[in-house]
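Here's the structure, in structure tokens; my notes come after.
Number of protein chains: 2
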Amino acid sequence: MEDGHQQAKPRSWKQNPEAVKADILAVAREEFAEHGLSGARIQKIVERTKSSKRMVFYYFGDKEGLYRAVLEDAYRSVRRQEGELDLDGLPPEEALLRLVEFTFDHHRANPEFIRLVAIENIHRGRHMADMSDLAELNSVAIATLSRICSAGIAEGVFRPDTSPLVLHWQISAMCFFNVANRHTFSENFGGDLFTDAAQDDLRSGIARSVLEGVRLRR
Amino acid sequence: MEDGHQQAKPRSWKQNPEAVKADILAVAREEFAEHGLSGARIQKIVERTKSSKRMVFYYFGDKEGLYRAVLEDAYRSVRRQEGELDLDGLPPEEALLRLVEFTFDHHRANPEFIRLVAIENIHRGRHMADMSDLAELNSVAIATLSRICSAGIAEGVFRPDTSPLVLHWQISAMCFFNVANRHTFSENFGGDLFTDAAQDDLRSGIARSVLEGVRLRR
DNA sequence: ACCAAACTGAACCATCCGGTTAATTACGTC
DNA sequence: GACGTAATTAACCGGATGGTTCAGTTTGGT
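Residue numbers (the working numbering), protein chains in the order written: chain B, 1 to 218; chain Y, 1001 to 1218.
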């Protein structure tokens, strides 16, 4: 016990900035999704990381920088998933049905992302201002719907004033609410709507409402 | 500068527990709605109050107690507003239309409440567990819709499997989303949908979708 | 061999925050 | 008007938190 000398801990490592950043980002995403911007603790994040607190500030500047990176990353990866959906060639009604089903399932499968978006809305979208390249990713979603609408209108099955943006809004609204508000809704009205069976019904219900809302009746 | 003696500051005041509580609650509601549970600062709340920090803990125990009181109070006052809507005697389709319009306008007019609910969902509804008497207030909302549904089904204008709870879910979803997610939605797709004119269209669109979703076609 | 960039680890700090202590004032009641 | 309790105030505290700095070591490319 005489030696205060710190032994030559090898502490060897590989240089891999991207992996370190990705590691931090992944853990931070969970923490922010769980506790929000102010509720998240940087300490808690680094504890679950192979990295250190020092590196967080080294790469992301400050807490908000990390949060912004998390948000941007989440948006990007989610939009990439969405982009993989291919509805071309389907009849418009069928395409719309599929889109609703996909969105519904997708949101259900990604509650973490939903929470991040909800949190960002609490912050009034303040941190999304400079995420420039999201615009193109978003336009893809609308473009798909635009094609569906045009086809539907041309075929005379959709109302001529059908708006892709409004359609997207309606679909998003219900699919988002289903995940984001399930807790208060359950607390208020019971959990009956959140069993697997009921969720299937809910999904068809959304599809029907959205579809019947734009259907042209002769 | 020789005297450390504190002069006899009169510091006179009136005893008025209810007013003090109400004062704190009102300010706290704004602060929590703005910054969330963890983001809210008790100090900031007290600064805008005629009261002191000590009183917050005196009356509400701790920060979470205050938050819970705020949430409960907000729910109660909002449900009271909703309860004033009277739709009895209207034909079912008309009643449903009115309910959608009312809910849409109501949510738009109460963004602070919407934010509180969104925040509580981030906390997974943890703080609503013991708000016992909300159940009855909620059941009122469903009861109204139940009557509308029964009438609609009886008259043969609604599908026989129409569920009041699902209807409420759909209406809530879109009206809630419209306020809660307007920031990220605007950031992603522009603010076109949030002008007064577009909001009117959106509102009719919701009404149409909801209505056509339950309408029985012969 | 050399150098910039990546990385480590621990100490440090100012600030802030929720919560508490202790004393003072108001007020109903007997 | 004395007394006890509830209401209210000012000052204070321990701990945690975001963020910084020091003092390096290791890696990998040239």
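Yeah, the Cβ is synthetic: ideal placement off N, Cα and C, and Gly gets one too.
Distance CB(residue i)-CB(residue j) smaller than 7 Å
i         : j         : result
Y/ALA1033 : Y/ARG1126 : no
Y/THR1049 : Y/ASP1023 : yes
B/ALA69   : B/PHE57   : no
B/ALA207  : B/VAL100  : yes
Y/PRO1160 : Y/LEU1145 : no
B/PHE102  : Y/ALA1173 : no
Y/ASN1181 : B/HIS183  : no
Y/LEU1134 : Y/TYR1075 : yes
Span separating the alpha-carbon of residue i from that of residue j
i         : j         : result
B/SER139  : Y/GLY1191 : 14 Å
Y/GLU1084 : Y/PHE1104 : 15 Å
Y/GLN1007 : Y/LYS1014 : Reliability fails at Y/GLN1007, whose pLDDT of 33 lies under 50, so the model's placement of it is uncertain and the value that follows must be treated cautiously. Answer to the nearest angstrom: the Cα atoms are 21 Å apart.
Y/VAL1117 : B/ARG218  : 42 Å
Y/SER1132 : Y/ASN1188 : 39 Å
B/SER150  : B/GLN170  : 18 Å
B/LEU193  : B/ARG203  : 11 Å
B/ASP3    : B/LYS63   : For B/ASP3, the predicted structure reports a pLDDT of 35, less than 50, and the residue's modelled location is therefore unreliable. A value from the coordinates is still provided. B/ASP3 and B/LYS63: Cα-Cα distance of roughly 39 Å.
Y/ALA1197 : B/ARG215  : 23 Å
Y/THR1162 : B/GLN199  : 15 Å
Y/ASP1130 : B/CYS175  : 28 Å
Y/GLY1065 : Y/LEU1025 : 11 Å
Y/GLY1205 : B/HIS123  : 28 Å
Y/SER1077 : B/ALA154  : 49 Å
Y/THR1195 : B/GLN81   : 31 Å
Y/GLU1047 : B/GLU47   : 36 Å
B/LEU211  : Y/LEU1211 : 12 Å
Contacting residues, own chain, Cβ-Cβ under 8 Å from residue i (five flanking each side not counted)
i         : result
Y/ILE1119 : PHE1032, ALA1033, GLY1036, LEU1037
B/ASN16   : none
B/LYS9    : Its pLDDT being 44, under 50, B/LYS9 is placed unreliably by the model, and nothing is read from it.
B/GLY213  : GLN170
Y/ARG1029 : VAL1070, ASP1073, ALA1074, GLU1112, LEU1116
B/SER51   : VAL20, ASP23, ILE24
B/HIS5    : Unreliable placement is indicated for B/HIS5, whose pLDDT of 35 sits below 50; the coordinate value is still reported in the next sentence. Once the five neighbours on either side are set aside, B/HIS5 has no close Cβ partner at all.
Same chain, Cβ closer than 7 Å to residue i, five either side skipped, listed in chain order
i         : result
Y/VAL1179 : HIS1107, ARG1108, PRO1111, ILE1114
B/ARG98   : LEU87, LEU90
B/ALA223  : Only positions 1 to 218 of chain B appear in this structure, which leaves residue 223 of chain B out of reach.
B/ASP201  : none
Y/GLY1156 : LEU1216
Y/SER1186 : PHE1194
Y/MET1001 : Confidence is the limiting factor: at Y/MET1001 the pLDDT is only 36, short of 50, which leaves the residue's position unreliable and the question unanswerable from this model.
Under 8 Å from the C-beta of residue i: neighbouring residues of chain B
i         : result
Y/LEU1193 : LEU165, VAL166, TRP169
Y/GLY1205 : VAL166, GLN170, GLY213
Neighbouring residues, chain Y, relative to residue i (Cβ below 8 Å)
i        : result
B/LEU202 : VAL1166, TRP1169
B/ILE142 : PHE1189
B/HIS35  : SER1038
B/ASN121 : ALA1118, ALA1180, ASN1181, ARG1182, HIS1183, THR1184
Rounded Cβ spacing between residue i and residue j (contact assumed at less than 8 Å)
i         : j         : result
B/ILE45   : B/VAL27   : 5 Å
Y/ILE1148 : Y/ALA1095 : 5 Å
B/LEU167  : B/MET128  : 23 Å between Cβ atoms; not a contact.
B/ARG54   : B/LEU137  : That pair is no contact at about 33 Å.
Within chain Y, the residues that residue i reaches when beta carbons sit closer than 9 Å
i        : result
B/VAL117 : ASN1181, THR1184
B/SER172 : PHE1177, ASN1181, PHE1185
Residues near residue i in its chain [Cβ-Cβ closer than 6 Å; skip 5 each side]
i        : result
B/GLY152 : PRO92, PHE158
B/SER209 : none
Chain B contact residues for residue i, given Cβ-Cβ distances below 7 Å
i         : result
Y/PHE1176 : PHE177, ASN181
Y/ARG1208 : GLY213
Y/LEU1134 : ASN188
Y/ARG1124 : HIS183
Chain-ordered neighbours of residue i on chain Y, where CB pairs are closer than 7 Å
i        : result
B/ASN138 : ASN1188, PHE1189
B/GLY128 : Sequence check: residue 128 of chain B is Met here, not Gly. Residues of chain Y passing the Cβ test: THR1184, GLU1187.
Partner residues on chain B for residue i, Cβ-Cβ distance less than 9 Å
i         : result
Y/ILE1148 : Simply none; closest approach about 16 Å.
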